Amino acid sequence: MPRTSGLAALCLTGVLLAVTACGGGSSGGSSGGDGTVELRFGWWGNNDRAAATQRVIDAFQKQNPGIKVKGSYTDFNSYFDRLATEVAGGRAPDVITLGGAYPREYGDRGALLDLSRTALKTDRIGAAALDNGKFGGVQYGVPTGVNAIAVVVNEAVFDRAGVPLPDEDTWTWDDFTRIATQLAGKLPEGTFALADPTRTDMLDAYSRQRGEALYTADGKVGLTEKTLVDWWTMTLGLMKAGATPPASQTAELITQPAPEQSLMGRGQAAMQFDWSNQLSALSKAAGQPLRLMRVPGESTRPGMWLQASQIYSINARSEHPQEAAKLVDFLVNSPEAGKIILADRGIPANSDVRAAIQGVLGEAEKTQAAFIDALTPKAGPPLVIGPVGSTDTPKILDRVNAEVLFGRQQPAAAAADFVQQVSTAIKQ
Amino acid sequence: MGASRWPRHLLLIGFGLVMLYPLLWMVSSSVKPTETIFRDPSIWPTELDLGNYTEGWTALEHPFHHYLWNSAVIAILAVAGNLISCSLAAYAFARLDFPGRKLFFALMLATLMLPVHVLIVPQYVLFSQLDWINTNLPLVVPKFLAHDAFFIFLMVQFIRGLPRELDEAARIDGCGHIRIYWRIIMPLSVPALATSALFTFIWTWNDFFSQLIFLTDPELWTMPVALRSFMDGQGETAWGQLFAMSIVGLAPIFGFFLAGQRYLTQGISTTGFR
Chain A
0 MPRTSGLAAL CLTGVLLAVT ACGGGSSGGS SGGDGTVELR FGWWGNNDRA AATQRVIDAF
60 QKQNPGIKVK GSYTDFNSYF DRLATEVAGG RAPDVITLGG AYPREYGDRG ALLDLSRTAL
120 KTDRIGAAAL DNGKFGGVQY GVPTGVNAIA VVVNEAVFDR AGVPLPDEDT WTWDDFTRIA
180 TQLAGKLPEG TFALADPTRT DMLDAYSRQR GEALYTADGK VGLTEKTLVD WWTMTLGLMK
240 AGATPPASQT AELITQPAPE QSLMGRGQAA MQFDWSNQLS ALSKAAGQPL RLMRVPGEST
300 RPGMWLQASQ IYSINARSEH PQEAAKLVDF LVNSPEAGKI ILADRGIPAN SDVRAAIQGV
360 LGEAEKTQAA FIDALTPKAG PPLVIGPVGS TDTPKILDRV NAEVLFGRQQ PAAAAADFVQ
420 QVSTAIKQ
Chain B
0 MGASRWPRHL LLIGFGLVML YPLLWMVSSS VKPTETIFRD PSIWPTELDL GNYTEGWTAL
60 EHPFHHYLWN SAVIAILAVA GNLISCSLAA YAFARLDFPG RKLFFALMLA TLMLPVHVLI
120 VPQYVLFSQL DWINTNLPLV VPKFLAHDAF FIFLMVQFIR GLPRELDEAA RIDGCGHIRI
180 YWRIIMPLSV PALATSALFT FIWTWNDFFS QLIFLTDPEL WTMPVALRSF MDGQGETAWG
240 QLFAMSIVGL APIFGFFLAG QRYLTQGIST TGFR
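If you're matching them up, the sequences are chains A and B in order.
Just so we're aligned: 177 in numbering that gives the first Met the number 0 is position 178 of the first sequence, and the numbers increase by one with no gaps anywhere.
Just so we're aligned: 87 in numbering that gives the first Met the number 0 is position 88 of the second sequence, and the numbers increase by one with no gaps anywhere.
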């Protein structure tokens, strides 16, 4: 054997051994030898939320010495990429955080545990939000907190324009159009009454005020073309009056979803339709306190609803479902956990927890809590969550809306197009 | 002549600045306070604030050099693995005559066409059964098994361009394959090896998706995965710190590229080898 090739072979084995050594020791078993149970808890968020969540986990472990909890987190988009892979690979976390239409997607595919088979208590949690975790009669998840679509209002911009604030109890869509047009005439160049308001949540609220809904309970498109035509006639009027930005700027804005990048976040809008839990981020970005108001047109037939901001569910294949349920119970029902999480995952859905944290909330969170409290008796029926495939709807709406704003499609044709595209997406 | 060159240079410099604009904007944003980044999108920062660097470095669960180190370990092992395994495989394809060589070569090239999204789930299942999830093994071991078809292909093309007479002369002098590989082919393949090393480093350093999937413990996070933790798609994002740490993460790539630029162009233009 030549000397040099022997050397090369030795190098190769050496490196391979080193690699194997690196990997040892860091693999996590699901239960330790001493009888402790190890749970994995998956959630999304940034490092601030990570620090707070770790404190909740520490508090839980102190109360339950037999259970060890390992957090597994990343940002929102990456979280769902990873979760899809983990579920497909049969190694998803024991406690899974979900939101929007995801609980239904995962629940319908058998990845989530029926929570009635655990000892989890839900009696103090608001019924409307609890409904967001229930599909086909099975409770797959419990809400972390409550949210609602709202109008974020920048009072300073109203003042600068000398336009009085609307009355949220009585204002109609006509009032809204009038106020927005009035603002447009008095605001400086580059500041608008609001960004283009077209988004699926608003179509939900707007159509529900007419007794329709974006989706029907049996998983079909529920809003009529007439409603869509009325909506687009209104938004086109706003754009022509200069109350909303020109089409090209709107096209730019929809590619920048972060609150800091929105017109409201940059202090360049008087109003914005957004989720109530965005208030803190928006206020911080705009550099001034903002208000929340109910959307126009609520006085005759309310279209707003209470939405679970996030949902905790349990992996159907978890080896320790009872321990996982204990963790979820602690997260949503314990005032101790609530005092650490505060309003970070929405205003707590458990009324006891909400009462316990009232005194420690910041200014923006207090505004949110008051808004949710005031909305609760006035909200419409629970929202019908979209069926499998409905996660495509926002993209379809963005596309069709651009056609309308750029004048390439008349509202009537666009309405037919939208209904047809969404029907195809949810049929698949 | 000198006069006719100026307009062309000005045009190229202009294009260069347009291409560089996003990067320059990121550099400028990294020294602005987060609140003003989007409120004041101009490229000249009104105040120079290095707080994003000092705060960003320590904002996450571990200090930022912890993640840089994790990235470096994986990238360096990946470079070593690719250099050893891909050159061996390339030598076999280029110089050995074995049954099914053409078929295997075609199969290897076919794996280049598979997008990562198709591979990731079966890979995850496999590594999960080996209990390798949450370790560096899934990111490093495949590199030692000639898993990157692109580099095998690159080196095969390069070795095919080397005159066979050299091998034959060595054979007459009594060399076996291993010695020909190590003594004749490898020293002549430095440009191809350098290209492979550079690309492996850059791609591994920048790789986000597989590192996200296989490393779930914040202790093991690499730089790209850690950067994500400044973001929150639904809430507040620490943009200033994110940009500042992105620039820190870019620096090694930039350095590597500057140092190896000569080899890169030399290695890619293998067809011109004489």
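The C-beta atom is built at its ideal place from N, Cα and C for all residues, glycine as well.
Computed from a predicted structure; not experimentally measured.
CB contact below 8 Å: residue i versus chain B
i: residue 430(A); result: Here chain A has residues from 0 to 427 only, and residue 430(A) is not among them.
i: residue 80(A); result: yes
i: residue 77(A); result: yes
i: residue 265(A); result: yes
i: residue 146(A); result: no
i: residue 428(A); result: Because chain A in this structure spans residues 0 to 427, residue 428(A) falls outside the shown range and cannot be described.
i: residue 73(A); result: yes
i: residue 88(A); result: yes
i: residue 21(A); result: With a pLDDT of 36 at residue 21(A), under the threshold of 50, the predicted position of this residue should be treated as unreliable, though the coordinate-derived value follows. Yes, its Cβ sits closer than 8 Å to a Cβ of chain B.
i: residue 447(A); result: Outside the modelled stretch of chain A, which goes from 0 to 427, sits residue 447(A), for which no answer is possible.
i: residue 314(A); result: no
i: residue 128(A); result: no
i: residue 149(A); result: no
Closer than 8 Å to chain A by CB, residue i
i: residue 90(B); result: no
i: residue 224(B); result: yes
i: residue 115(B); result: no
i: residue 164(B); result: no
i: residue 120(B); result: yes
i: residue 81(B); result: no
i: residue 230(B); result: yes
i: residue 227(B); result: yes
i: residue 127(B); result: yes
i: residue 60(B); result: yes
i: residue 221(B); result: no
Identity of the residues DSSP links to residue i by a beta bridge
i: residue 72(A); result: 42(A)
i: residue 344(A); result: BP columns for residue 344(A) are empty, so no partner.
i: residue 308(A); result: According to DSSP, residue 308(A) bridges with nothing at all.
i: residue 249(B); result: BP columns for residue 249(B) are empty, so no partner.
i: residue 124(A); result: 349(A)
Cβ-based neighbour list, residue i, same chain, cut-off 6 Å, excluding 5 preceding and 5 following
i: residue 429(A); result: For chain A, the structure presents residues 0 to 427; residue 429(A) sits outside this window and is missing.
i: residue 336(A); result: 55, 329, 330
i: residue 71(A); result: 39, 41, 92
i: residue 186(A); result: 160
i: residue 92(B); result: 104, 155
i: residue 112(B); result: none
i: residue 139(A); result: 102, 106, 111, 132, 312
i: residue 25(A); result: In this prediction, residue 25(A) has a pLDDT of 31, which is less than 50 and means its spatial position is unreliable; what the coordinates show is noted afterwards. If we look at residue 25(A) and ignore the five residues flanking it on each side, it has no Cβ neighbours.
i: residue 401(A); result: 250
i: residue 127(B); result: none
Assigned exposure category for residue i - 16 Cβ within 10 Å defines buried
i: residue 55(A); result: buried
i: residue 378(A); result: buried
i: residue 204(B); result: buried
i: residue 133(B); result: buried
i: residue 319(A); result: buried
i: residue 439(A); result: Limits of chain A in this structure are 0 at one end and 427 at the other, which puts residue 439(A) out of reach.
i: residue 74(A); result: buried
i: residue 57(A); result: exposed
i: residue 408(A); result: buried
i: residue 295(A); result: buried
Beta-carbon proximity list for residue i, same chain, < 7 Å, skipping 5 on both sides
i: residue 230(B); result: 236, 241
i: residue 109(A); result: 315
i: residue 322(A); result: 36, 38, 66
i: residue 391(A); result: 424
Neighbourhood of residue i by C-beta, 8 Å cutoff - its chain only, sequence neighbours within 5 removed
i: residue 147(A); result: 274, 275, 303, 304, 305, 306, 370, 371, 374, 378
i: residue 299(A); result: 208
i: residue 62(A); result: 329
i: residue 276(B); result: Here chain B comprises residues numbered 0 to 273, so residue 276(B) is not present and cannot be evaluated.
i: residue 268(A); result: 153, 156, 190, 191, 192, 193, 194, 261, 262
i: residue 224(B); result: 66, 207, 210, 211, 214
i: residue 151(B); result: 85, 88, 89, 92, 107, 145
Near-chain A residues of the stretch 27 to 51 of chain B (beta-carbon distance less than 8 Å), N- to C-terminal order: Going along the stretch 27 to 51 of chain B in chain order, one finds 33, 34, 36, 37, 38 with a Cβ nearer than 8 Å to chain A.
Contact list for the stretch 399 to 421 of chain A against chain B, Cβ threshold 7 Å: Against chain B - using a Cβ distance shorter than 7 Å - the stretch 399 to 421 of chain A contributes no residues.
Proximal residues, the stretch 234 to 261 of chain B versus chain A, C-beta separation under 8 Å: Listed by position along the chain: 234, 235, 236, 237, 238.
Contact list for the stretch 151 to 169 of chain A against chain B, Cβ threshold 9 Å: If the cut-off is 9 Å between Cβ atoms, the stretch 151 to 169 of chain A has nothing near chain B.
Positions along the stretch 332 to 366 of chain A whose CB lies within less than 9 Å of some CB in chain B: Cβ contacts with chain B come from 343.
Chain-ordered residues of the stretch 32 to 66 of chain A with a beta carbon less than 9 Å from chain B: From the stretch 32 to 66 of chain A, only 39, 41, 43, 44, 45, 46, 47, 48, 49, 50, 53 have a Cβ closer than 9 Å to chain B.
Residues of the stretch 199 to 218 of chain B with Cβ closer than 9 Å to any Cβ of chain A, in chain order: Answer in chain order: 207, 208, 211, 212, 215, 216, 217, 218.
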